[in-house]
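Taking my numbering as reference, the numbering of the sequence shown is continuous, increasing by one, and the terminal residue is 1165. Okay, so here's the structure we're looking at.
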Amino acid sequence: MPDVFADLVGQDEAVDTLRRAAAAAAAVLRAAAHRPDDADELAALVEEVEVAPGASGVSPGDPGAGMTHAWIFTGPPGSGRSVAARAFAAALQCVHGTGCGTCPGCHTTLAGTHADVRLVVPEGLSIGVSEMRALVLRAASTPSGGRWQVVVIEDADRLTEAAGNALLKAVEEPPPRTVFLLCAPSTHPDDISVTIRSRCRVVPLRQPPPDAVAEVLARRDGIAPDVARWAAAAAQGHVGRARRLARDPEARKRRDAVLAVPRRLTGVGAAFDAASALIEAAEAEAEASVAETDAAERAALETALGAGGTGRGAAGAIRGAAGQLKELEKRQKSRATRAQRDALDRALVDLAGFYRDALTMALRASVAPVHTDTASLAEAGARKWDAEGALRRLEAVLACRAAIEANVKPRIAVEAMMLALWKG
Ligand SMILES: [Zn+2]
742 MPDVFADLVG
752 QDEAVDTLRR
762 AAAAAAAVLR
772 AAAHRPDDAD
782 ELAALVEEVE
792 VAPGASGVSP
802 GDPGAGMTHA
812 WIFTGPPGSG
822 RSVAARAFAA
832 ALQCVHGTGC
842 GTCPGCHTTL
852 AGTHADVRLV
862 VPEGLSIGVS
872 EMRALVLRAA
882 STPSGGRWQV
892 VVIEDADRLT
902 EAAGNALLKA
912 VEEPPPRTVF
922 LLCAPSTHPD
932 DISVTIRSRC
942 RVVPLRQPPP
952 DAVAEVLARR
962 DGIAPDVARW
972 AAAAAQGHVG
982 RARRLARDPE
992 ARKRRDAVLA
1002 VPRRLTGVGA
1012 AFDAASALIE
1022 AAEAEAEASV
1032 AETDAAERAA
1042 LETALGAGGT
1052 GRGAAGAIRG
1062 AAGQLKELEK
1072 RQKSRATRAQ
1082 RDALDRALVD
1092 LAGFYRDALT
1102 MALRASVAPV
1112 HTDTASLAEA
1122 GARKWDAEGA
1132 LRRLEAVLAC
1142 RAAIEANVKP
1152 RIAVEAMMLA
1162 LWKG
């Protein structure tokens, strides 16, 4: 039976660290069971094994070795940060050992229904302070299952400054049985504040190799091995993206449209057309992905508001309703913007893969192409542009991503990129 870490693709080192920590956490609980009334003692036990930032490992024989209150999982998108955090949460709640995958503790954690595991998934561009305060408060309560209160924060890089401060207080003085698991692209100060980082142990994840991704798609999702191999290469180590490409014809169609861009850049007009097409495709994709949730949320809120009566206090109720609707619209707009940026970024990553293929071909490097289905096109590009021209184009795509990340208007950044790709 696969354990909770089975879906963490190509991350042997991280899994090893987490398994040891889960074993250590179980040892802490066993030790506490012999001294049930002494919570301080338990805190001291975990405290003992806290390691200074940058320090590695503790002696393996130590019963508390390797467990601490706060963790950061870092790695490129799709490497499995949140998969790792959830798996570790399950391992901490496992009643049999360190993440058997079958006991109620593992099962409910992975299904998202464990009473002592809280998961924060930001829908918009940032996680606000009120959400964080409520979370920190609940995390301080005694775990109902008698093990740990686990808080998983996906995209901790999207914390607002105030939310970050609320979290920092909790991480600095954690209740004895609370564990914080944060996910972020990196430990760069732009992603996570230096003070929070200094309180956490970092688990770096790497970009999983394509054959490891293909293996998990075939084993877990039952995807045909040749399709799995193609999708794993095309997704450039992003496990979720690989699964979508293998399963969703719409996702494949969007990718085909993006990879048709290089061949369509025949002049200035064509470059602007290509920019518009790319932006509009990202908008359409984002709209499709949020439309259903938006409509359901609005209907639910209207039903709730409609249940209010008339008469005295009705004016106040209407004012309240308008406020709530406005709040909902704000949240939905923020989520739509995020979805648009994510869709556009996926397109840019695909495009970068194409020019990377042209570059490696021009250099005659013995590297497998990212996009096997446009390899001949990349080959033609390599001959026409040479390594330098391919590299300049690859850099134009990466510069576009960086510009959008730095809040340049997407249309402006994409138009500049298309012109650079055309001129070379
Ligand atoms: Zn278990």
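Every residue gets a Cβ at the ideal spot worked out from N, C-alpha and C, and that includes glycine.
Element boundaries [beta strand (DSSP E), containing residue i]
i, result
"C924", "919-925"
"V944", "942-945"
"V858", "858-861"
Test item: CB-CB of residue i and residue j under 8 angstroms
i, j, result
"D744", "C841", "yes"
"T850", "L1000", "no"
"G1122", "P926", "no"
"A1012", "L1006", "yes"
"L860", "A897", "no"
"L1046", "A1062", "yes"
"V1111", "D1127", "no"
"T883", "A767", "no"
"V1009", "F814", "no"
"I1020", "R1152", "yes"
"V836", "V858", "no"
"A774", "M808", "no"
"L909", "I937", "yes"
"T919", "A976", "no"
Bounding residues of the alpha helix (DSSP H) (the contiguous stretch that carries residue i)
i, result
"E814", "Here the sequence assigns Phe to residue 814, which means Glu is not the residue at that position. No alpha helix (DSSP H) contains F814, which is instead part of the beta strand (DSSP E) from 811-815."
"I894", "Not the alpha helix (DSSP H): I894 falls in the beta strand (DSSP E), residues 890-894."
"R960", "951-962"
"V968", "966-975"
"E1156", "1151-1164"
"P1003", "1002-1005"
"V1138", "1116-1146"
"C844", "Careful: C844 lies outside any alpha helix (DSSP H) and carries neither H nor E."
"H775", "753-775"
"I937", "935-939"
"F829", "822-834"
"R982", "980-988"
"M873", "870-880"
"L908", "902-913"
Contacting residues, own chain, Cβ-Cβ under 6 angstroms from residue i (five flanking each side not counted)
i, result
"D753", "none"
"A811", "V912, F921, R940, C941"
"A973", "P951, V954, A955, A983"
"M1159", "A1012, A1015, A1016"
"E895", "S823, V862, C924"
"P794", "Note that P794 has pLDDT 37, beneath the 50 cutoff, so the model's placement of it is unreliable and no number is given."
"A1103", "A1123, D1127, A1128, A1131"
"A826", "F814, V893, L922, C924"
"Q1073", "D1035"
Buried/exposed call for residue i, threshold 16 Cβ in 10 Å
i, result
"D757", "exposed"
"H929", "exposed"
"P801", "Any answer about P801 is weak, because its pLDDT of 38 lies below 50 and its placement is not dependable; what the coordinates show is given next. Flag for P801 reads exposed."
"E1146", "exposed"
"V862", "exposed"
"E913", "exposed"
"A903", "exposed"
"L1089", "buried"
"A1040", "exposed"
"H855", "buried"
"A852", "exposed"
"R887", "Sequence inspection shows Gly at residue 887; the Arg mentioned does not correspond to that position. By the 10 Å Cβ count, G887 comes out exposed."
"E991", "exposed"
"T1044", "exposed"
"R1105", "exposed"
"G1156", "Reading the sequence as shown, one finds Glu at residue 1156 and not Gly. It is buried - the Cβ of E1156 has at least 16 other Cβ atoms within 10 Å."
"G1108", "Reading the sequence as shown, one finds Val at residue 1108 and not Gly. Exposed."
"G819", "buried"
Close Cβ partners of residue i (< 8 angstroms) along its chain, the five nearest in sequence each way excluded
i, result
"G821", "D748, L749, V750, Q752, L946, P949, V980"
"S1030", "A1080, A1084"
"A907", "V870, M873, R874, V877"
"V1138", "L1089, L1092, A1093, Y1096, M1158, L1162"
"R760", "F746, A832, T839, G840"
"S885", "A856, D857"
Cut-off 7 angstroms between Cβ atoms - residues of its own chain near residue i, not counting five sequence neighbours on either side
i, result
"D962", "R984"
"F1095", "L1000, P1003, H1112, T1115, A1119"
"A969", "A955, L958, A959, A987"
"T901", "S867, I868, G869, V870"
heavy atom of ligand 1 below 7 angstroms from residue i C-beta
i, result
"H855", "no"
"G840", "yes"
"V836", "yes"
"C924", "no"
"C729", "Past the edges of the chain, shown from 742 to 1165, lies residue 729, and the structure says nothing about it."
"T843", "yes"
"G1064", "no"
"G846", "yes"
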